[in-house]
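S.K.:
Protein chains in written order, with the numbering used here: chain A, 1 to 264; chain B, 265 to 808.
(1) In the DSSP assignment, the alpha helix (DSSP H) including residue 228/A goes from what residue to what residue?
(2) So that I know if they touch, is there some Cβ in chain A lying closer than 7 Å to that of residue 245/B?
(3) Kindly say whether residue 219/A, judged by its beta-carbon, lies nearer than 7 Å to any beta-carbon of chain B.
(4) Just confirm the distance between the C-beta atoms of residue 340/B and residue 401/B, as a whole number of angstroms; I'd bet it's less than 8 Å.
(5) Taking 7 Å as the threshold (beta carbon to beta carbon), is residue 231/A in contact with chain B?
(6) For residue 622/B, go through chain A and note every residue whose CB falls closer than 8 Å to its CB, in chain order.
(7) In angstroms, rounded to a whole number, what distance separates the CA positions of residue 495/B and residue 116/A?
(8) Between the alpha carbons of residue 98/A and residue 113/A, how many angstroms are there, rounded?
(9) Hey, residue 440/B and residue 528/B are a contact pair by Cβ (cut 8 Å); roughly how many whole angstroms apart?
(10) Quick one: residues in its chain with C-beta nearer than 6 Å to the C-beta of residue 667/B, no 5 flanking neighbours on either side, listed in chain order?
(11) Out of 628/B, 604/B, 581/B, which has the shortest C-alpha to C-alpha gap to residue 597/B?
(12) Have a look at the DSSP bridge pairing and note the partners of residue 368/B.
(13) Please report the distance separating the alpha-carbon of residue 71/A from that of residue 224/A.
(14) Using DSSP with H/G/I as helix, E/B as strand and the rest coil, what is residue 382/B?
(15) Quick one, are the C-beta atoms of residue 311/B and residue 352/B less than 7 Å apart?
(16) Within 10 angstroms of its Cβ, does residue 624/B collect 16 or more other Cβ (buried), or is it exposed?
(17) Residues of chain B with a CB under 8 Å from the CB of residue 39/A: which are they?
(18) Which residues in the same chain as residue 334/B place their Cβ atom closer than 7 Å to its Cβ, once the five residues preceding and following it in sequence are excluded?
(19) Spell out whether any CB of chain B is found under 7 Å from the CB atom of residue 86/A.
(20) Helix, strand or coil: how does DSSP classify residue 509/B here?
(21) Using a Cβ-Cβ distance under 7 Å, would residue 223/A count as near chain B?
(22) Compare the C-beta of residue 471/B with all C-beta atoms of chain A and state if any pair is closer than 7 Å.
(23) Hey, which unbroken runs of the alpha helix (DSSP H) at 4 residues or more fall wholly within the region 615 to 695 of chain B?
(24) Could you check whether the Cβ of residue 189/A sits closer than 7 Å to any Cβ belonging to chain B?
(25) I need the DSSP call for residue 761/B, collapsed to helix, strand or coil.
(26) If I measure Cβ to Cβ from residue 547/B and keep anything under 8 Å in the same chain, skipping five residues before and after, which residues do I get?
(27) With a cut-off of 8 Å on the beta carbons, I'd call residue 409/B and residue 391/B a contact; round off their distance for me.
(28) Need the endpoints of the beta strand (DSSP E) that residue 209/A sits in, please.
(29) Among residues of its own chain, excluding the 5 on either side of residue 537/B, which ones have a beta-carbon nearer than 6 Å to its beta-carbon?
(30) In three-state terms, what does DSSP make of residue 433/B?
(31) Distance cutoff 7 Å, beta carbons only. Does residue 571/B sit that close to anything in chain A?
(32) So with Cβ pairs under 7 Å, would you call residue 81/A a contact of chain B?
(33) Quick one: give me the first and last residue of the beta strand (DSSP E) that residue 749/B is part of.
(34) Alpha carbon to alpha carbon, how far is residue 318/B from residue 465/B? Give it in angstroms, no decimals.
(35) Check whether the Cβ atoms of residue 763/B and residue 665/B sit closer than 7 Å, and answer yes or no.
(36) Does any C-beta atom of chain B lie closer than 7 Å to the C-beta of residue 254/A?
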C-alpha cells in the first residue's frame, strides 16, 4: 500500500465530473462535487503542487494562512503538500483543520481518509471514506476506500460489495466521460486487484483470476495484480500462465526498484 | 454472489468481534528487570545512531544452560564503531528464581564467557552432539561458537570448529539437521558489507537526511555450514546451491519443514530484498522456492524489509505459517502456509495489516498469553532513524509494542495494552519463555542501547501445559489434542528477531480441559504419542 502520488493528485485537480447513483443502478448523470472557487492568492500554491514543488506550495499557503487564520483551502493545500511527500503524520492535522473549518469541502475528505488509513487509523479512515462516499456518491474513491477498510477488518463479503460498487462507478464514468475514465485506469485497475485479493482470500480462484487479469489489462505495471495472478494461476494448475505472469511481474518489479541510491 | 464461494465468504466474514469494539482479554504485564536482578544496558554503537551498522541492536537467548530446569539468559551484546572487536562483552544471567519470585544473577565470569565482539544475533542448538545446548553468536565480524557443558560453563570453539566464518556482517543463524545425519547444520544469514573507515554518504527518507542502507550497499551472501561431526563445520555454501541466487540483506533465518516432505527447509527473512525459502531437496541441496511459493513478496508484489519472524499454525491446518515484521510505511505480513511449499499473504484477512503501518517491527512471537487455547501475537517496535517523528516520518523513534489478541478467525489489535507494553521504546530482540515457571509466558526484551526489560506475565491464571522434548532438535513438531481442540507448536532455533526463545512448546488450554493427548515428532522421523497427559505441568518427553 503506497502513499498518494502526484499523479493521483493531478487527477483530483482535473476531476470535473463524477457520476452519481452508480452503486445501485448506474446512471450517466454527471454531477460535480462541491468545490469552492480557489482564492486567487492560493492559485500559485495549487500550481506549485501540480508541478511537484511541495515546499513552494506550502510557503504560499502558509503565507495566506497568516492573513486568513484557519482558512480551509490553505490548510487543505498544506495538508496535500505533506501527503504528496508521504508525510501523513504531518498532513493529517492540516486536513482535519480544513474540514473543521469547512465540512462541506468535499474534495478534502478523500485525502484525509487516505492519510488516516496510512497511519493505521481504520476507524477514522472508515468515517472519512464514508463521508467521501456520501458527499460524492459517483466517485469510486469512497467505496474503494471503504473496501480497503472492510478488508483490513476481515469482512470479506462487505469488502467485495464495496469494490464492486467502486467498479460500478468506473463503469458509469466510462459511459459518461470516456476520457476521464481513461485517465483513471490505474485506479480502476487497483479496484479490480483488491477485489481479486478478496476473492483469492475466499478461495474463489476463478473469480480472483478474472479480476487480476482485468487489473493487469488496465495497468500493466500493477505489481500486486501481476504477482498475485501468477500465484492464482499456479494454484489453478496453470503452470505456463503462472510462469508468464511471473516473468511479467519480475520485469515490472525490476523496473520499479532499479533506481540507484536511496535507503529503502 | 457466486454460489461457489458463498460458503467460504460466510465463514470468513464473521469475525468474532465488531471492529469498533473488540472484546480483548485483560492482559497484564509488569516490568520487573531491576527487582529480578537483570540489570544490564546493552551496547550497539553510539547514541544517537549514526550509521546502519549501529541500529540493529541485537538479540538474546533463553536456555537452560546449567541444567537446573529453569531458563537462563544470554545476551551477546554489541560494540561500537570505535572499537568493534572490544565491546563491553556478552552477559550470562543464571536463573535463581524461587517461590515464584524472579531472580537472576550475573554469572558471566564463572561461565567462562569472554566474548567481546560485536554480537548481533544468537541461536541455540547442540552443535557438538553432546546433549548440551550451545550458542552461536552472529556478529559484525567473525562469528562465535560457544559450547556449553550443561552445567553453566561455556568454551569458545569458534576457531577450532570452523564455524567462525569470514570477517563479514552476519545477522542471524539457525541450527537444523538439514542432511538428516543426526547432527545440526548451521545456516547463517548475512546482511551487507559496511566499511567502518569509509561509511557511505547520507541518503534521505521522506525528505529527511538519514544514513544509507541497506539499499545502496552491497549485500553479503549467506553461508551454509555442514556439521561434519563432533562440532566441526565446513562451508558448503557453493555445493548446496544457496549461492545460485543473488545475495540479499539477510536479517533472519529459521529451519523448519515448511513443505511437509520430512526434510527441514530454511526460511530467510531479507531486508528490502525478496525473502528466501530454501527448499531442502536432500543430500544438502537447497533450492530457492520463495518466489514460486509466494513467500518472497507480500500481496502487493513487493519485497519488504523483513526483520522479525514468528511461526504459528494460524488456520488450524497443522502447518507453520510465517509472520514477518517490517519497516514503517509498510505492513507486517502473515503468509499462511497452504501446504506443499505454497503460501498466501493473508495479512489483511487476519487483521494484521494497516495497524502496523506506522511501526518499525522487530521481535515477534505467537504466544498464548492469556491461556485461552489460542495464540496471540506480540510485536516489539522501534525506529532506526533517530530523527523519526510522526510529522517527519509518520512514526516516532520510540514506539510501543503491538499486542494482538486472537479472536475467532482473526487477530484483534489490543488498543489499550498494559502499560508495560504501551510505553514507547526502541526495541529490537526479545525472547519468550516461562521464566518464573508459573505456567504463562514472559518476555525478555532488548532495547537499542537501553536496559534489558523483563516483562512478567501477570494475566489471570489459566490452564496450560509445557512440553519439553528431548532432544530439543530444531524442527521438532508437537501436536496437542484436547477434546476436539488441536494445537501445534514447533521447536525452533533462531527466529523472533535474531533471538532464541525457550525451546519448549507452551500450550494454553480452554477452560474445563484436564487432560490432553500429545504427538511429538522429531525431524529424524521418530515420534512419541502420549495419551491423557495431565495438564498444569512441564513435561519432558524423551524419544523411546
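Just so it is clear, CB atoms sit at the ideal spot from N, CA and C, and this is done for glycine as well.
M.R.: Short version:
(1) Along the first chain, one-based indexing puts residue 228/A at 228. Segment 223 to 235, the alpha helix (DSSP H) holding residue 228/A.
(2) Beyond the ends of chain B as shown, which are 265 and 808, falls residue 245/B; an answer cannot be given.
(3) Within the first chain, the letter at position 219 stands for residue 219/A. Chain B contact via Cβ: absent.
(4) Taking the second chain and counting its residues from 1, the one referred to as residue 340/B is at position 76. Taking the second chain and counting its residues from 1, the one referred to as residue 401/B is at position 137. Indeed they touch by this definition, with Cβ atoms about 5 Å apart.
(5) Within the first chain, residue 231/A is the residue found at index 231, counting from 1. Answer yes: the Cβ-Cβ gap between residue 231/A and chain B drops below 7 Å somewhere.
(6) Taking the first residue of the second chain as position 1, residue 622/B is located at position 358. The answer, in chain order, is 89, 119, 120.
(7) Within the second chain, numbered from 1, the residue matching residue 495/B stands at position 231. Within the first chain, numbered from 1, the residue matching residue 116/A stands at position 116. One C-alpha to the other measures close to 54 Å.
(8) Counted from its first residue, the first chain places residue 98/A at position 98. Counted from its first residue, the first chain places residue 113/A at position 113. Those two C-alpha atoms are separated by around 13 Å.
(9) Here the question's residue 440/B lines up with position 176 in the second chain. Here the question's residue 528/B lines up with position 264 in the second chain. Their Cβ separation, rounded to whole angstroms, is 4 Å, which keeps residue 440/B and residue 528/B in contact under 8 Å.
(10) Start at 1 with the first residue of the second chain, and residue 667/B comes out as number 403. Within the same chain, residue 667/B has close Cβ partners 642, 678, 681, 685.
(11) Working through the second chain from its first residue, we reach residue 597/B at position 333. Here the closest residue by C-alpha is 628/B.
(12) Within the second chain, the letter at position 104 stands for residue 368/B. DSSP output for residue 368/B lists 359/B as bridge partner(s).
(13) One-based indexing of the first chain puts residue 71/A at position 71. One-based indexing of the first chain puts residue 224/A at position 224. Using only the alpha carbons, I get a separation of about 39 Å.
(14) Along the second chain, read from residue 1 onward, the residue named residue 382/B stands at position 118. Coil, per DSSP.
(15) What you label residue 311/B is simply residue 47 of the second chain in a count that begins at 1. What you label residue 352/B is simply residue 88 of the second chain in a count that begins at 1. No, Cβ-Cβ distance for residue 311/B and residue 352/B is not below 7 Å.
(16) Here residue 624/B corresponds to residue number 360 of the second chain, with the count starting at 1. Flag for residue 624/B reads buried.
(17) Residue mapping note: residue 39/A aligns to position 39 of the first chain, counting from 1. Within 8 Å Cβ-Cβ: nothing; residue 39/A doesn't reach chain B, min ~26 Å.
(18) Taking the second chain and counting its residues from 1, the one referred to as residue 334/B is at position 70. Counting only residues of its own chain and dropping the five nearest sequence neighbours on each side, residue 334/B has a CB closer than 7 Å to the CB of 328, 359, 361, 701.
(19) One-based indexing of the first chain puts residue 86/A at position 86. Yes, residue 86/A counts as interfacial toward chain B.
(20) Translated into positions along the second chain, residue 509/B becomes position 245. Correct three-state label for residue 509/B: coil.
(21) For this step, residue 223/A is matched to residue 223 along the first chain. Yes, residue 223/A counts as interfacial toward chain B.
(22) Residue 471/B sits at position 207 when you count from the first residue of the second chain. Residue 471/B counts as touching chain A.
(23) 654 to 657, 683 to 686
(24) On the first chain, position 189 is the one that residue 189/A refers to. Residue 189/A does not count as touching chain B.
(25) The residue labelled residue 761/B in the question sits at position 497 within the second chain. Coil at residue 761/B, not helix or strand.
(26) Taking the first residue of the second chain as 1, we reach residue 547/B at position 283. Scanning its chain for C-beta atoms nearer than 8 Å, with the 5 sequence neighbours on each side dropped, one finds around residue 547/B the residues 443, in chain order.
(27) In the second chain, counting from the first residue as 1, residue 409/B sits at position 145. In the second chain, counting from the first residue as 1, residue 391/B sits at position 127. Yes, residue 409/B and residue 391/B are in contact; Cβ-Cβ is about 6 Å, under 8 Å.
(28) Walking along the first chain from the start, residue 209/A turns up at place 209. Following the DSSP letters along the chain, one finds residue 209/A in no beta strand (DSSP E) but inside the alpha helix (DSSP H) bounded by residues 205 to 218.
(29) On the second chain, position 273 is the one that residue 537/B refers to. Excluding residues within five positions, the ones whose Cβ falls inside 6 Å are 512, 513, 567.
(30) By 1-based counting over the second chain, the position of residue 433/B is 169. Strand at residue 433/B.
(31) Counted from its first residue, the second chain places residue 571/B at position 307. It does not; no Cβ of chain A falls within 7 Å.
(32) Taking the first chain and counting its residues from 1, the one referred to as residue 81/A is at position 81. So, not an interface residue.
(33) Numbered from its first residue, the second chain carries residue 749/B at position 485. That run of the beta strand (DSSP E) goes 749 to 754.
(34) Residue mapping note: residue 465/B aligns to position 201 of the second chain, counting from 1. Residue mapping note: residue 318/B aligns to position 54 of the second chain, counting from 1. Going by the C-alpha atoms only, they are around 15 Å apart.
(35) If you number the second chain from 1, residue 763/B lands on position 499. If you number the second chain from 1, residue 665/B lands on position 401. For residue 763/B and residue 665/B, no; Cβs fall outside 7 Å.
(36) Taking the first residue of the first chain as 1, we reach residue 254/A at position 254. With 7 Å as the cut-off, residue 254/A does not count as an interface residue toward chain B.
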